[in-house]
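Data first, discussion second: the structure below is written as structure tokens.
Residue numbers (the working numbering), protein chains in the order written: chain L, 51 to 340; chain G, 61 to 326.
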């Protein structure tokens, strides 16, 4: 090694640090690219993300189509098959799992220390977290549209323009679920704790929503459960996407999803603030006190 | 203050606690621009906490941290842009290639395209790993991965490099290689370095060193002075606890100092 020749002016300072608008875009691109690379590396993650909703669609929905009739409720103008009803909810379920998967990767990043590398970037911390969030959404969108394509082969068809019209809705719901995941990741100290959090977050959110059954059916069964479903932001994420797939804008769901995104993202920024939240608590990101 | 003339790193009266336990107590140290400074301390002395404060992973509640005159609490972007860090724990993504890891870090500093490619190429030549560009980090040895981390820390041309126990767990040849690279960057390129370690062989007699123990700086001077017991006053109100007969070497002095403090505490 001692015969290594230093390249000329390895450390010669650049004319200006590229931290302006273009630098921010580069930073975002780098974080998104890394998330995509990691996603491509983890083929089993992609498969499991697809298999889960497809099992629901092919097996669960096929079995329940005869017992769960769906009456004409907005945005549907006719009776629809149960598979058609359940598909938007399953698409958002992919995003729910992806949001939690992203938070799992945050916990992993903290454990292996690469979170430290991210947080020592000179860009504002809120921007780094937002970039992580956007990266997670990009990954989830790829999964969602592959799922919708497979569902199309299964003759679960939406209006052609609906696939495009739903894109902003998917982006917003992805941001909301990613923000919730960010907050959860800040509350978890170790990877081992994550499984129980998944059970306490994913399953209640998914089942206590309109993803699998229309709200009127839930109301028939239990008024309390109906109220729980109403205040569950996942219900509004599903309804925002369901309506968007049929070219309908649902303002209440939009407001709830947007508001939830803002609140949880703000909480995540606080949680990852060096002086507060997880970074300020004992031991910091990896429980290292020394 | 002129930022060009300011010390590379200035830590002033910094204290930090985790709950009731004080991890750092009134710590002050300075790394002049273009100098190599060693921070010696046993495990648990507070070195990693100090690095976490210097890199803004934790906020500085008591005292101040300045990088080339820029306060890390009030001007974090400007301060962090001048700073490269090699953390104690490995922080590379094992499933990505060397190139992908470096490109990611470059992006975190706003670098892209041809300039970034050129940087990656130059730095991999510097650490003698140009031929491993497209290999996954998982396939590298511990020493090679460390060299990639050094290349990564330099990618945005920082003027200050912090290394936290960068050679721990490496064989002698790998340690020597890393020390060689860093010292040459100091000598030939004017990089300022804070080198945290508990391995005495890595410190030269002329090096400026601070000895950290139980969260406090207990000695400061050149390694030769510390080994010889001629120390700069660290705390005016306290005697630096260097017992007689503990001057044979830096390691002996260090062990005697930390042992004396342990006895005092008991």
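Virtual Cβ for every residue (Gly too), placed ideally from N, Cα, C.
Cβ-based neighbour list, residue i, same chain, cut-off 7 Å, excluding 5 preceding and 5 following
{"i": "residue 85 of chain G", "result": "75, 275 and 276"}
{"i": "residue 153 of chain G", "result": "161 and 197"}
{"i": "residue 224 of chain G", "result": "107, 108, 111, 146, 147, 148 and 256"}
{"i": "residue 245 of chain G", "result": "251"}
{"i": "residue 255 of chain L", "result": "146, 282 and 284"}
{"i": "residue 268 of chain L", "result": "275, 276 and 279"}
{"i": "residue 235 of chain L", "result": "153, 156 and 157"}
{"i": "residue 307 of chain L", "result": "222, 223, 226, 283, 286, 287 and 290"}
Inter-residue spacing [alpha-carbon to alpha-carbon] between residue i and residue j
{"i": "residue 151 of chain G", "j": "residue 166 of chain L", "result": "8 Å"}
{"i": "residue 220 of chain G", "j": "residue 68 of chain G", "result": "6 Å"}
{"i": "residue 269 of chain G", "j": "residue 230 of chain L", "result": "46 Å"}
{"i": "residue 287 of chain L", "j": "residue 190 of chain L", "result": "14 Å"}
{"i": "residue 311 of chain L", "j": "residue 225 of chain L", "result": "6 Å"}
{"i": "residue 73 of chain G", "j": "residue 125 of chain G", "result": "9 Å"}
{"i": "residue 82 of chain G", "j": "residue 101 of chain G", "result": "16 Å"}
{"i": "residue 317 of chain L", "j": "residue 289 of chain L", "result": "25 Å"}
{"i": "residue 249 of chain G", "j": "residue 240 of chain G", "result": "13 Å"}
{"i": "residue 317 of chain G", "j": "residue 285 of chain G", "result": "14 Å"}
{"i": "residue 131 of chain G", "j": "residue 258 of chain G", "result": "28 Å"}
{"i": "residue 114 of chain L", "j": "residue 262 of chain L", "result": "10 Å"}
{"i": "residue 121 of chain G", "j": "residue 70 of chain L", "result": "29 Å"}
{"i": "residue 210 of chain L", "j": "residue 152 of chain L", "result": "30 Å"}
Where residue i falls, given that 16 or more other Cβ within 10 Å makes a residue buried
{"i": "residue 216 of chain G", "result": "buried"}
{"i": "residue 296 of chain G", "result": "In this predicted model, residue 296 of chain G has a pLDDT of only 43, less than 50, meaning its place in the structure is not dependable enough to derive any value."}
{"i": "residue 302 of chain L", "result": "exposed"}
{"i": "residue 134 of chain G", "result": "exposed"}
{"i": "residue 93 of chain L", "result": "exposed"}
{"i": "residue 97 of chain L", "result": "exposed"}
{"i": "residue 272 of chain L", "result": "exposed"}
{"i": "residue 109 of chain L", "result": "exposed"}
Contacts that residue i makes with chain G (C-beta to C-beta distance below 7 Å)
{"i": "residue 186 of chain L", "result": "Chain G residues near residue 186 of chain L: none, gap ~16 Å exceeds 7 Å."}
{"i": "residue 319 of chain L", "result": "Near residue 319 of chain L there are no residues of chain G at all, since even the closest Cβ is about 14 Å away, more than 7 Å."}
Partner residues on chain L for residue i, Cβ-Cβ distance less than 7 Å
{"i": "residue 135 of chain G", "result": "In chain order: nothing, as chain L lies at least about 10 Å away."}
{"i": "residue 160 of chain G", "result": "87"}
{"i": "residue 270 of chain G", "result": "Within 7 Å Cβ-Cβ: nothing; residue 270 of chain G doesn't reach chain L, min ~16 Å."}
{"i": "residue 115 of chain G", "result": "170"}
{"i": "residue 155 of chain G", "result": "88 and 91"}
{"i": "residue 165 of chain G", "result": "167"}
Proximal chain L residues relative to residue i, where beta-carbon distance stays under 8 Å
{"i": "residue 147 of chain G", "result": "163, 166 and 167"}
{"i": "residue 151 of chain G", "result": "162, 163, 164, 166 and 167"}
Residues near residue i in its chain [Cβ-Cβ closer than 6 Å; skip 5 each side]
{"i": "residue 209 of chain G", "result": "146"}
{"i": "residue 278 of chain L", "result": "258"}
{"i": "residue 90 of chain G", "result": "67 and 70"}
{"i": "residue 105 of chain G", "result": "272 and 273"}
{"i": "residue 144 of chain G", "result": "213, 214, 218 and 221"}
Residue closest to residue i, alpha-carbon to alpha-carbon, out of the options
{"i": "residue 258 of chain L", "options": "L:275, L:246 and L:135", "result": "L:275"}
{"i": "residue 186 of chain G", "options": "G:228, G:238, G:260 and G:284", "result": "G:238"}
{"i": "residue 142 of chain L", "options": "L:90, L:89 and L:291", "result": "L:291"}
{"i": "residue 200 of chain G", "options": "G:234, G:174 and G:137", "result": "G:234"}
{"i": "residue 127 of chain G", "options": "G:66, G:317, G:229 and G:206", "result": "G:66"}
{"i": "residue 133 of chain L", "options": "L:105, L:151, L:192 and L:217", "result": "L:105"}
{"i": "residue 118 of chain G", "options": "L:156, L:170, L:263 and L:219", "result": "L:170"}
{"i": "residue 163 of chain G", "options": "L:208, L:83, L:100 and L:207", "result": "L:83"}
{"i": "residue 265 of chain G", "options": "G:88, G:103 and G:280", "result": "G:280"}
{"i": "residue 262 of chain G", "options": "G:214, G:278, G:311 and G:272", "result": "G:311"}
{"i": "residue 125 of chain L", "options": "L:297, L:319, L:308 and L:313", "result": "L:297"}
{"i": "residue 158 of chain L", "options": "L:199, L:232 and L:204", "result": "L:232"}
Same chain, Cβ closer than 8 Å to residue i, five either side skipped, listed in chain order
{"i": "residue 79 of chain G", "result": "none"}
{"i": "residue 267 of chain G", "result": "96, 97, 98, 282 and 283"}
Closer than 9 Å at the beta carbon, the chain G residues around residue i
{"i": "residue 69 of chain L", "result": "137, 138, 141, 169 and 170"}
Interface partners of residue i on chain L, CB under 9 Å
{"i": "residue 192 of chain G", "result": "In chain order: nothing, as chain L lies at least about 14 Å away."}
Residue i: contacting residues in chain G (beta-carbon distance under 8 Å)
{"i": "residue 95 of chain L", "result": "Result: empty, since nearest Cβ-Cβ is about 12 Å, beyond 8 Å."}
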